[in-house]
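Take a look at the structure set out below.
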Amino acid sequence: MNAFLATVRRDLLLALRRKSEVLTAVFFFVIVTSLFPLGIGPEPVLLKKIAPGILWVAALLATLLGLPRLFAADHVDGTLEQMALSPSSLGLLVAGKILAHWLLCGLPLVLLAPVLGLQFDLDASALGILTLALLLGTPLLSLIGAIGAALTLGVRGGGVLLALLVLPLYIPALIFGAGAVEAHIAGLGAGGHLSLLAAMLALAVFFAPWATTAALRIALE
Amino acid sequence: MKQSIIQWFKFGSPQAFYPLAGRMIPWFWAAAAAFGIAGLWISFFVAPTDAQQGEGYRIIFVHVPASWMSMFIYLVMAFWAGLGLALNTRLSGMMAQSLAPTGALMAALSLWTGALWGKPMWGAWWVWDARLTSELILFFLYLGFMALQAAIDDPRRADKAGAILALVGVVNIPIIYFSVKWWNTLHQGSTINLTKAPSMAHTMLWGMLLMALCFWMYSIAVALTRVRAIILERERHTDWVKHAVE
Numbered sequence: 000m001n002a003f004l005a006t007v008r009r010d011l012l013l014a015l016r017r018k019s020e021v022l023t024a025v026f027f028f029v030i031v032t033s034l035f036p037l038g039i040g041p042e043p044v045l046l047k048k049i050a051p052g053i054l055w056v057a058a059l060l061a062t063l064l065g066l067p068r069l070f071a072a073d074h075v076d077g078t079l080e081q082m083a084l085s086p087s088s089l090g091l092l093v094a095g096k097i098l099a100h101w102l103l104c105g106l107p108l109v110l111l112a113p114v115l116g117l118q119f120d121l122d123a124s125a126l127g128i129l130t131l132a133l134l135l136g137t138p139l140l141s142l143i144g145a146i147g148a149a150l151t152l153g154v155r156g157g158g159v160l161l162a163l164l165v166l167p168l169y170i171p172a173l174i175f176g177a178g179a180v181e182a183h184i185a186g187l188g189a190g191g192h193l194s195l196l197a198a199m200l201a202l203a204v205f206f207a208p209w210a211t212t213a214a215l216r217i218a219l220e
Numbered sequence: 000m001k002q003s004i005i006q007w008f009k010f011g012s013p014q015a016f017y018p019l020a021g022r023m024i025p026w027f028w029a030a031a032a033a034f035g036i037a038g039l040w041i042s043f044f045v046a047p048t049d050a051q052q053g054e055g056y057r058i059i060f061v062h063v064p065a066s067w068m069s070m071f072i073y074l075v076m077a078f079w080a081g082l083g084l085a086l087n088t089r090l091s092g093m094m095a096q097s098l099a100p101t102g103a104l105m106a107a108l109s110l111w112t113g114a115l116w117g118k119p120m121w122g123a124w125w126v127w128d129a130r131l132t133s134e135l136i137l138f139f140l141y142l143g144f145m146a147l148q149a150a151i152d153d154p155r156r157a158d159k160a161g162a163i164l165a166l167v168g169v170v171n172i173p174i175i176y177f178s179v180k181w182w183n184t185l186h187q188g189s190t191i192n193l194t195k196a197p198s199m200a201h202t203m204l205w206g207m208l209l210m211a212l213c214f215w216m217y218s219i220a221v222a223l224t225r226v227r228a229i230i231l232e233r234e235r236h237t238d239w240v241k242h243a244v245e
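Chains A and B supply the protein sequences, listed in that same order.
Count the first sequence with numbering that gives the first Met the number 0 and you get residues 0 to 220, in order.
Count the second sequence with numbering that gives the first Met the number 0 and you get residues 0 to 245, in order.
And the structure:
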């Protein structure tokens, strides 16, 4: 457990020494969501209807932007090999890195989403559901994305390839995440969607670090 | 030690499998041709014209087998990929690699024929129906698998990385399918009901089954041909390949 916390702390420290990288993904999220009304038109009814989808797609893309950074630097300077050789299990260290990635790339999106939701005229309860859905969904995005990041480590054209691998796997999260808010607005209740999202998160917490570790070991061979 | 009738481990070696595949390919081509001729004959000349859909429905004789094969090939591919990861056999990875383009072709064919069928029947090339959407996602999964394999130069690493991706994909396929299905029912976008088709005439079912067998045999023949090419390419440094190509 100490190794886990040490990895989280180390990754957070490293990121905070280079704040611009983290902030870029956050600003990307803000800019992309602001572009949609400009492209579609300022009608409040329409914007309110498409808000959950837009915020979720933007969150997906913003998470994707941060993924190549997850292992790349550690792979280049050899830290990853040391981690694989260390006495504590690689899976635990990888889980720590994924948590750190979520704290840096996912949590800011969750915190920003209610503010951006206001631009789309969502009311308070819908904003609450949106935040809750993102709180459950963004860790899922980080976990699934980590598998893709490990698979494309040190591979030609890694960034674009990563998008091709990971985005189809993000579809269930997108459907239930955006669906939760839409169901709430439609008066159907968001409970079912949120439960499914939580179930997928539980599944991913168990399997994703394991698959990521297997992929990393292949990359390190 | 009990001797097994089929020596599985012997044919796990590319060198032993290469001539075996060569001997099997003509048979599968012949089977594909026989089933194809019979299936096409039934589907064009024997099967009656559909009362509601006219002659245009005959495209399902290609469409349905292609959809079946696209899903089935992904499972077979994931099976070989998993076997390759578990037993560290070289041939398994080659099989998975050789199946992927055929699977992608089937998915593309299924989407394309579906669009051609949808335009006269529904009046739209594309609707966001659950089946269409999940077929499209399956196509993306194939593309991702092939792109990952193509991007990695070391074939052994490409096999293993592809295997993990295929297994992650196979776990995700049911999740994706049900999420798309529930998403579709929530939205109620299209009022088209694919499942409530009029009960099918026996001849139509026969035509479809024969065409499915034809596609199946074709897929095996093509995958074996491709795996032979992959074996030659990867084992080109060995003596037996130099003799084999002479």
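C-beta atoms are modelled at their ideal positions from N, C-alpha and C, and glycine is treated no differently.
**Study point:** Nonlocal neighbours in the same chain, by C-beta distance under 8 Å from D120 (chain A), ignoring five residues either side
**Key:** Locating residue 120 (chain A) in the first sequence gives position 121, where the first residue counts as 1. Counting only Cβ-Cβ distances below 8 Å, and skipping sequence neighbours, we find P43, L46, K47 and A50.
Point to revise | Short CB-CB distance (under 8 Å) between L131 (chain B) and chain A | key: For the purposes of this step, residue 131 (chain B) is identified with residue 132 of the second sequence, where counting begins at 1. L131 (chain B) does not count as touching chain A.
Check your understanding: Does the beta carbon of G143 (chain B) sit closer than 8 Å to a beta carbon anywhere in chain A?
Key -> Here residue 143 (chain B) refers to the residue found at position 144 when the second sequence is read from its first residue. Yes, its Cβ sits closer than 8 Å to a Cβ of chain A.
Check your understanding: In whole angstroms, what separates the C-alpha of F27 (chain B) from that of A2 (chain A)?
Key -> Counted from its first residue, the second sequence places residue 27 (chain B) at position 28. Counted from its first residue, the first sequence places residue 2 (chain A) at position 3. The alpha-carbon atoms of F27 (chain B) and A2 (chain A) are separated by roughly 56 Å.
Practice item. State yes or no: is the beta carbon of W125 (chain B) nearer than 8 Å to at least one beta carbon in chain A? Key: Translated into positions along the second sequence, residue 125 (chain B) becomes position 126. No, no contact with chain A.
Practice item. Kindly give me the distance between the Cβ atoms of A65 (chain B) and L108 (chain B), rounded to whole angstroms, as I take these residues to be in contact under 8 Å. Key: Within the second sequence, numbered from 1, the residue matching residue 65 (chain B) stands at position 66. Within the second sequence, numbered from 1, the residue matching residue 108 (chain B) stands at position 109. Contact holds; Cβ gap of about 4 Å.
Practice item. Give a yes or no on whether the C-beta atoms belonging to L134 (chain A) and V29 (chain A) are separated by under 8 Å. Key: The residue given as residue 134 (chain A) occupies position 135 in the first sequence. The residue given as residue 29 (chain A) occupies position 30 in the first sequence. The answer is no: Cβ separation not under 8 Å.
Practice item. Assign N87 (chain B) to buried or exposed, taking buried as 16 or more other Cβ atoms, counted over all protein chains shown, within 10 Å of its Cβ. Key: Here residue 87 (chain B) refers to the residue found at position 88 of the second sequence. So N87 (chain B) ends up on the exposed side.
Practice item. Let me know the alpha helix (DSSP H) ranges lying completely inside the region 32-95 of chain A, each 4 residues or longer, listed in chain order. Key: 43-65, 68-75 and 78-84
Review point. Is T101 (chain B) near I58 (chain B), with beta carbons less than 8 Å apart?
Key: Start at 1 with the first residue of the second sequence, and residue 101 (chain B) comes out as number 102. Start at 1 with the first residue of the second sequence, and residue 58 (chain B) comes out as number 59. Contact: no.
Exercise for review: List the residues of chain A whose Cβ lies closer than 8 Å to the Cβ of R269 (chain B), in chain order.
Suggested key: Coverage of chain B is limited to positions 0 through 245, which leaves residue 269 (chain B) absent and any answer about it impossible.
Review point. Is the CB-CB distance between L164 (chain B) and L147 (chain B) below 8 Å?
Key: Stepping through the second sequence from its first residue, residue 164 (chain B) is reached at position 165. Stepping through the second sequence from its first residue, residue 147 (chain B) is reached at position 148. Yes. Within cutoff.
Check your understanding: Does any CB atom of chain A fall closer than 8 Å to the CB of A156 (chain B)?
Key -> Counting from 1 along the second sequence, the entry for residue 156 (chain B) is found at position 157. Position check: residue 156 (chain B) holds Arg in this sequence, whereas Ala was assumed. Yes, contact with chain A.
Review point. The alpha helix (DSSP H) spanning P47 (chain B) covers which residue range?
Key: Counting from one through the second sequence, the residue named residue 47 (chain B) turns up at place 48. Premise fails: P47 (chain B) is in no alpha helix (DSSP H) and is neither H nor E.
Check your understanding: If V31 (chain A) and L63 (chain A) are in contact, beta carbons under 8 Å, what's the gap, nearest whole angstrom?
Key -> Position 32 of the first sequence holds residue 31 (chain A). Position 64 of the first sequence holds residue 63 (chain A). Between L63 (chain A) and V31 (chain A) the Cβ distance is about 12 Å, and since that is not below 8 Å, they are no contact.
Check your understanding: Whose Cβ in chain A lies nearer than 7 Å to the Cβ of A65 (chain B)?
Key -> Here residue 65 (chain B) refers to the residue found at position 66 of the second sequence. None at all; the shortest Cβ gap to chain A is about 20 Å.
Exercise for review: Return yes when the C-beta of R216 (chain A) is under 7 Å from any heavy atom of the ligand FMN, and no when it is not.
Suggested key: With respect to the ligand FMN, the structure shown offers nothing to examine, as it has no ligands at all.
Exercise for review: Could you spell out where the alpha helix (DSSP H) holding I72 (chain B) opens and where it closes?
Suggested key: Along the second sequence, read from residue 1 onward, the residue named residue 72 (chain B) stands at position 73. Counting along the chain, the alpha helix (DSSP H) containing I72 (chain B) begins and ends at I59 to L86.
Point to revise | Residue of A:T212, A:T23, A:L173 and A:L142 minimising C-alpha distance to A201 (chain A) | key: Stepping through the first sequence from its first residue, residue 201 (chain A) is reached at position 202. Minimum Cα distance to A201 (chain A) is reached at A:L142.
Point to revise | Contact set between the region 48-71 of chain A and chain B, restricted to residues whose Cβ is under 8 Å from the partner | key: none
Practice item. Taking 8 Å as the threshold, find out whether the region 120-130 of chain B comes into contact with the region 82-97 of chain B through three or more Cβ pairs. Key: no
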